[in-house]
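Student: Heads up, the sequence shown is in my numbering, so the first residue is 61 and it goes up one at a time. C-beta atoms are modelled at their ideal positions from N, C-alpha and C, and glycine is treated no differently. Okay, handing you the structure first.
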Amino acid sequence: MWHPPLVRTEYQLVFQFPERAFPTRDEIVAFEDRLRASLPRTCEVDGFDVGSGTVNFFVYTSAPASAHRAFREHLGTRAIERHLRIAYRDVDGETFTNLWPRRDPRPFRFAYPPSEDPFARGAMRVIPKRSPRKSRTA
């Protein structure tokens with residue numbers, strides 16, 4: 061059952077991993093504890109969800125970009141970030157805004173059909189390497 065967060069929040073931030081990243085429930089719980097310890101007090105870790113090929117960790121915050129920076133500073137490594145998607149939405153909203161990977165045009169969902177698995181081999185090829193160049197005018 062959902063309970064309102066204890067801290068003043070405007071956004072739901074979701075850290076999403078492929079289910080295979082955590083072979084056991086104990087590893088999921090241990091990561092949740094590390095996530096809670098790495099984030100500022102303005103964030104409330106509200107548990108996790110496992111299923112449909114993903115593990116989602118839910119965080120309520122008023123500053124999703126700051127929470128993302130704190131995560132990267134304390135827990136972000138190439139091995140972790142390679143298998144991670146981070147997005148946020150208004151607490152009452154439906155549409156997510158992607159934070160990680162940067163420039164990811166793919167829609168964020170809690171679960172994906174097999175044909176749209178964002179963690180499948182080659183799935184990240186759709187993410188542009190850099191932002192589009194702005195045209196120069198003379």
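Just reading off the beta strand (DSSP E) that Glu104 is part of, what are its end residues?
Tutor: Cys103 to Gly111
Student: So the candidates are Gly107, Arg85 and Phe179; which of them puts its Cα closest to the Cα of Phe117?
Tutor: Gly107
Student: Where does Val89 sit, in a helix, a strand or coil, going by DSSP?
Tutor: helix
Student: Quick check: Gln208 and Tyr120, are their CB atoms within less than 8 Å of each other?
Tutor: The structure shown does not extend to residue 208, since the chain is modelled only from 61 to 198, so the question has no answer here.
Student: Using CA coordinates, which residue listed in Thr69, Arg85 and Arg142 is at the minimum distance from Asp109?
Tutor: Arg85
Student: Which of the three DSSP states is assigned to Phe179 in this structure?
Tutor: coil
Student: In whole angstroms, what is the alpha-carbon distance linking Arg181 and Asp164?
Tutor: Their Cα atoms are separated by approximately 16 Å.
Student: Assuming Leu135 contacts Arg94 (C-beta within less than 8 Å), just tell me the rounded distance between them.
Tutor: 6 Å
Student: Using the C-alpha atoms, what's the distance from Trp160 back to Asp150?
Tutor: 17 Å
Student: Are Pro100 and Ser126 close, meaning C-beta to C-beta below 8 Å?
Tutor: yes
Student: Consider the Cβ of Phe108: report whether some Cβ of chain D lies at a distance smaller than 8 Å.
Tutor: Checking the listed chains, one finds no chain D in this structure; it contains a single protein chain.
Student: In the DSSP assignment, what are the bridge partners of Ile187?
Tutor: Paired residue(s): none; Ile187 is not in a bridge.
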